[in-house]
Amino acid sequence: MTNRQLRIALRNCGSINPERIEEYIAGNGYLSLGKVVTGMEPKQAIQLLIDSGLRGRGGAGFPTGLKWLYAMNSEADQKYVVCNADEGDPGAFMDRSILEGDPHSVLEAMAIAGYCIGADKGYIYIRAEYPLAIRRLKIAISQAKESGLLGENIFSSGFSFDIDLKYGAGAFVCGEETALIHSMEGERGEPSLKPPFPAESGYLGMPTNVNNVETLANIPVIFEKGADWFSKIGTEKSKGTKVFALAGKVNNVGLIEVQMGTTLREVIFDIGGGIREGKKFKAVQTGGPSGGCLTEKHLDTPIDYENLVANGSMMGSGGMIVMDEDDCMVSIARFYLEFSVDESCGKCAPCRIGNKRLHELLDRICQGNGTDADLERLRNLGEVIKDTSLCGLGQSSPNPVLSTLDNFFEEFESHVRDKKCPAGVCRDLLEYFILEDNCVGCTACARACPVGAITGERKELHVVNTAICIKCGACMEKCKFDAVVLI
Amino acid sequence: MSSVKIELRKDQVEKIHAFCDQCGNEPGELINILHRTQEEFGYLPAEIQEVIADKLALPVAKVYGVVTFYSFFTMIPKGEFPISICTGTACYVRGAEKVLSEFKKLLDIQVGETSADGKFSLSCLRCVGACGLAPVVLVGDKTYGRIAPDDVKEILEEAGGARTRGQGD
Amino acid sequence: MKQIKLTIDNKTIEVPEGTTVYKTAKEMDIDIPVLCYMDLKDLNIENKPGGCRICSVEIEGRHNLAPSCSTYVSEGMVVRTNSMRVINARRTVMELILSDHPKDCLICPKSGTCDLQNMAIKLGIREIPGQEYAEVSTYRLDTSPSIIRNMDKCIMCRRCETMCNDFQTVGALHAVNRGFQAVVAPAFEMNLEHSPCTYCGQCVAVCPTGALTEVDHTPKVIQALSDPAKTVVVQTAPAVRAALGEEFGLKPGTRVTGKMVTALKNLGFDYVFDTDFAADLTIMEEGTEFLDRLTRHLKGDREVKLPILTSCCPGWVNFFEYHFPELKDIPSTARSPQQMFGSIAKSYFAEKIGVDRKEMVVVSVMPCLAKKYECQRDEFKVDGNPDVDYSISTRELAHLIKQANMDLVDMPDSEFDAPLGESTGAGVIFGATGGVIEAATRTAYEVHTGKELESVDFKQLRGMDGIRSASVDFDGLEIRIGIAHGLGNARKLLEEIKEGNSEYHAIEIMACPGGCIGGGGQPLHHGDSNILKARTKAIYEEDEEKTLRKSHENPYVIKLYEEFLDKPMSEKAHQLLHTHYFGRKKKVFEV
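Protein chains in written order, with my numbering: chain A, 1 to 487; chain B, 488 to 656; chain C, 657 to 1247.
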């Protein structure tokens, strides 16, 4: 592994027993909380966080310190700290790993946030699908309370802070903070317009600071080691590290944590060990279902918030899916759109209907029914959906389409003009063919064919009649000699 | 969302009331209450939603609006062996879709449905965080990794000796 | 308040802080199109989910377009409402909305008054790319006694949801499902009939498309009118005359009473009567009931229930039957004017003209959709024959008149027929919030004190505030009166009663904003609350012009008692003019 890997957010994962608070404390756990509540003014602590340059790890990358400052400046009798643990990106599971492996770092950070903004109550909004994380959080909360690190009068400072869990119920859009807050209130998780921002009017109408799990996991170390230490890691505008869930067609899959500014090449080839089965790298999708696909030409781009956006993708929560030459980018775009269609809340028209239409267009193209006009429509529709949607989901859902149009236009053209899928994925564009060299004339394929599309004498070459073939693939499954191919 | 008609017993209603009471009968706790109720009953039929709405003094339409918003909540009882196929991105690029269509074919049901004998139900979920094992299938609490369409029949047989389509009819 | 300076379409303006871009533009006569947005400012009803995105504008420095309905101005803001980027986006979003909407405008009940249709015209949409392979969402048609839900036409503006929940607190409708399947529906997507719906029709009144419309009874009326064997009698509610003109291009608030009577006679109704007559009758019964309860209360009778609640609004009756069944013996037992009229028409009047009640068809013209349900209730039938056969809305009457090639504007005035066409000013003001209780006060005062009122105008009972209270001096006895319009406001007063904290002797409740003038069957106000105010004004003007302004002075009402009913609250009156109520809520499993 290269020196680009650096574990800050994941520092304790795997190395301590998450069910024993003693082990967390032994690694300087809760030291930062003590330091802050007994020795720092909220303003001073927030300034430290601003100086560190930490930005939100959940998606858009808003400076965390500023977010706290806004919440601190909102005047109200009751404020809330919320941890967004509704990790919904398919292919990303860093939040779950942190909550399961190092729950106390999140609790400690929430308590620091509470002290800084003036809140005595925190909630963790967590996916109900994460039972182990829920169990460990419950243990951690009760241990922290027993140890006086949560609850009344923490470190005899007069500061009190308590944390409860709220459960998500399977709605990706609830990762958006206003939707998350509505869901916490027992409502449909529909986003609402900002402003007002949660920092002014959030949970139950009170000022609320929402941070993502990974963001929070960074905070205790920042207070322990200082803003200077943190701000020296990473690039000019993106400080620290980022956890990625590396998956797809690479040899080494799993969670990695790298310094901001690491290139995609380092991640995929050095850390990921290159593409599986010696195949050719084609694209990497970052930012989850609404991120974009980056290609060969982006491999040496240092990863940070700005660069990813400039290249049509985004940091998102850190999913990173690698694709090889066998992946059809039109199908990939369609796959992501299907996700967005499923997860659209339905509140605003562009996202509710627009994504559906985008998906239908991609479906047509994959089936060989697309036209040049459809390609133009794809782009216009994608841009309008981005431009007019209510929340981050709709504003980014066309990214997979737009970025593949930008980077793999010729693949779209093949589907539309030549009615071919170069990667050999889109079944409707493929035809079954029997290779003369491999066919032994065993008749297995002809017997398996449900529509009698295959003819041939015993021990002689068999032939597929493509006019009858329904492309069920039964012949290919039955052939023991790899004679049936799709081309 | 389709549903089944049931009649609740007195003790079942009391149980739901108890969940509501424990949450202070707060409308804001609706989602937590739905979670606990579904955990208890396995699903959330109309009758249960009516009891909850009544107890929390909420319109039933609102409770239904919340239930139908979240994919975790279901109004159909799951099968004895609930099958979930991960269709997260990592699993997708490694062929989850083919696995899913094999399940649909063998069970002769669509996603979100339960087989006629009540044995199997089919659902998709988004990433269980086991991307290294992609594609992943869950049967109840049991996880199967690196599944190919060919493995599907075996999984079903192992789970419950499924009578699959094409056999014996 | 702080003034904010900004530029919209190259013009600079200053507006108070907290103003939206949409409202600022409106002040500058820039008409930004909106679909989901609705602001009924006098009633504190605002719907701005920011869902349709039709009102999107470009704001310099922001990377996305912004919805002008819910974006607030800021200092130095530079807004473009008509850049090509905006126009392209608006058209594309409109095409998307239309791609999921049926194209049967020719036979749609909203055709011509549909906001979506008008927007498509304004934006010049000529084709919908990809329509041939676009999936269109379809739902089961839901027909109730009053309202038809055709959710294929729902555009998720959420106005109906706002009215049903925030304003009316009825909770029959809610957004359900997610994404492309999302729609507004009753629980379990059942029919409205099985929901807490009161048929107030406020959802219909605000629906921008043909998704929510009234059940059209005009074909049945035409059939009755063309049957020579039938004697067809029509009654018109007070609020109709203050709004019908709008359907013919007249200014809101133009009274068309005489023209309407002529039109109805031309249509072939055998007798054109006035619901106002029955309103006077209602006051006789309800007022007497009130005084009876009050007298017993003053004498220390603990059994007697006060406050008395008015009962002429069928939406309101449905509301308490469902939501407050435990209070069902508090409202007056007096039937609504529509039903009193029907009952008298098919007994007293039918006898008088020698027509069998089965050969008489009573049609009512109402500003209301709940009246359609009310006239079908079993309590208001004799041997299965309803006292009121068909209830049509103001909008339906307008269609009927137009179908008959008549233009209301050019009609001469005519008088209602006798005897059920005579009314006092007290009957007229039933159409506006506070009117029923004012009418009741005029009569109750004189009956109770035996003195004549110096002024019949009780201005303290009028107005647009959702909940109002006033005291009236009954010759030394202070009578405390509460008024609510909108069922959400009514709910507050009912909760007080339930908790035993109500300070009132009598309460008037109307389900709709502004009372009947804002009913679900009135010409659509398209979100303009000035229209409701103009109608209210018209109602009070008509009252002032009447020579008789107290119900107990209506000569035909007096005659009716002499000839037929004996006296208010008599046994016959009870049988014909009073009713009883039912708890409607399905009992959820009782423990």
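All residues carry an ideal CB built from backbone N, CA and C; glycine is no exception.
Residues that residue i bridges to, as DSSP identifies them
{"i": "E714/C", "result": "R736/C"}
{"i": "H830/C", "result": "A841/C"}
{"i": "R1098/C", "result": "Its beta-bridge partners do not exist; DSSP assigns none."}
{"i": "R1124/C", "result": "I1139/C"}
{"i": "D162/A", "result": "K121/A"}
{"i": "V626/B", "result": "I570/B and K629/B"}
{"i": "Y432/A", "result": "L486/A"}
{"i": "T799/C", "result": "I804/C"}
{"i": "I1165/C", "result": "A1140/C"}
{"i": "T869/C", "result": "I804/C"}
{"i": "R55/A", "result": "P63/A"}
{"i": "R127/A", "result": "G168/A"}
{"i": "G292/A", "result": "T286/A"}
{"i": "P546/B", "result": "According to DSSP, P546/B bridges with nothing at all."}
{"i": "D930/C", "result": "T892/C"}
{"i": "V1019/C", "result": "V890/C and Y1046/C"}
Three-way DSSP call (helix, strand, coil) for residue i in this model
{"i": "T651/B", "result": "The pLDDT assigned to T651/B is 46, lower than 50, so where the model puts this residue is not dependable; a value taken from the coordinates is nonetheless given after this. In this structure, T651/B counts as coil in the three-state DSSP scheme."}
{"i": "V322/A", "result": "strand"}
{"i": "G273/A", "result": "coil"}
{"i": "Q78/A", "result": "coil"}
{"i": "Y1237/C", "result": "coil"}
{"i": "P63/A", "result": "strand"}
{"i": "Y530/B", "result": "coil"}
{"i": "D656/B", "result": "For D656/B, the predicted structure reports a pLDDT of 35, less than 50, and the residue's modelled location is therefore unreliable. The matter cannot be settled from this model."}
{"i": "M812/C", "result": "coil"}
{"i": "D498/B", "result": "helix"}
{"i": "L1133/C", "result": "strand"}
{"i": "C611/B", "result": "strand"}
{"i": "G1081/C", "result": "helix"}
{"i": "C83/A", "result": "strand"}
{"i": "V221/A", "result": "helix"}
{"i": "T388/A", "result": "helix"}
Contact set between residue i and chain A, taken where Cβ atoms lie within less than 7 Å
{"i": "K705/C", "result": "One detail in the question is off: residue 705/C reads as Pro in this sequence, not Lys. Within 7 Å Cβ-Cβ: K347."}
Expected contact under 8 Å - CB spacing of residue i and residue j to nearest Å
{"i": "G58/A", "j": "G175/A", "result": "7 Å"}
{"i": "W68/A", "j": "N209/A", "result": "6 Å"}
{"i": "V1021/C", "j": "A893/C", "result": "6 Å"}
{"i": "T561/B", "j": "V832/C", "result": "Actually they do not touch by this definition, with Cβ atoms about 15 Å apart."}
{"i": "D89/A", "j": "G319/A", "result": "5 Å"}
{"i": "M940/C", "j": "H1208/C", "result": "6 Å"}
Chain-ordered chain B contacts of residue i [CB-CB under 9 Å]
{"i": "R1240/C", "result": "Those do not exist, as R1240/C stays about 14 Å from chain B at its closest Cβ, beyond 9 Å."}
{"i": "A843/C", "result": "A533, Q536, E537, A540, P546, V547, A548, K549, V550, Y551 and G552"}
{"i": "S724/C", "result": "By Cβ distance, chain B contributes nothing, its closest Cβ being about 28 Å from S724/C, past 9 Å."}
Chain B residues whose Cβ lies nearer than 7 Å to that of residue i
{"i": "S183/A", "result": "I518"}
Residues that residue i contacts on chain C, provided the C-beta gap is smaller than 7 Å
{"i": "D342/A", "result": "G835"}
Any C-beta of chain D under 8 Å from that of residue i
{"i": "T561/B", "result": "No chain D appears in the structure shown, which is made up of the protein chains A, B and C."}
Contact set between residue i and chain B, taken where Cβ atoms lie within less than 8 Å
{"i": "H830/C", "result": "P546, A548, K549, Y551 and G552"}
Chain C contact residues for residue i, given Cβ-Cβ distances below 9 Å
{"i": "F556/B", "result": "A831, V832, N833, R834 and A838"}
Neighbour list for residue i in chain A, Cβ cutoff strictly below 9 Å
{"i": "M812/C", "result": "G346, K347, C348, A349 and R352"}
Under 8 Å by beta carbon: chain A residues contacting residue i
{"i": "H504/B", "result": "Per Cβ cutoff of 8 Å: no residues; H504/B is ~17 Å from chain A at best."}
Checklist line | Those runs of the beta strand (DSSP E) which lie wholly inside the region 877 to 915 of chain C and span at least 3 residues | finding: 887 to 892
### Task
Quick one: which unbroken alpha helix (DSSP H) runs of 4-plus residues sit fully inside the region 400 to 486 of chain A? Chain order, please.
409 to 413, 444 to 448 and 474 to 478
field: 4 or more residues per run - each alpha helix (DSSP H) lying fully within the region 160 to 211 of chain A
entry: 177 to 184
* To do: Please specify which runs of the alpha helix (DSSP H), each continuous and at least 4 residues long, are wholly inside the region 1179 to 1210 of chain C, giving them in chain order.
  => 1185 to 1201
* To do: Would you list, in sequence order, the uninterrupted alpha helix (DSSP H) runs of no fewer than 4 residues that lie entirely inside the region 969 to 1030 of chain C?
  => 970 to 979, 993 to 1000, 1006 to 1009 and 1026 to 1030
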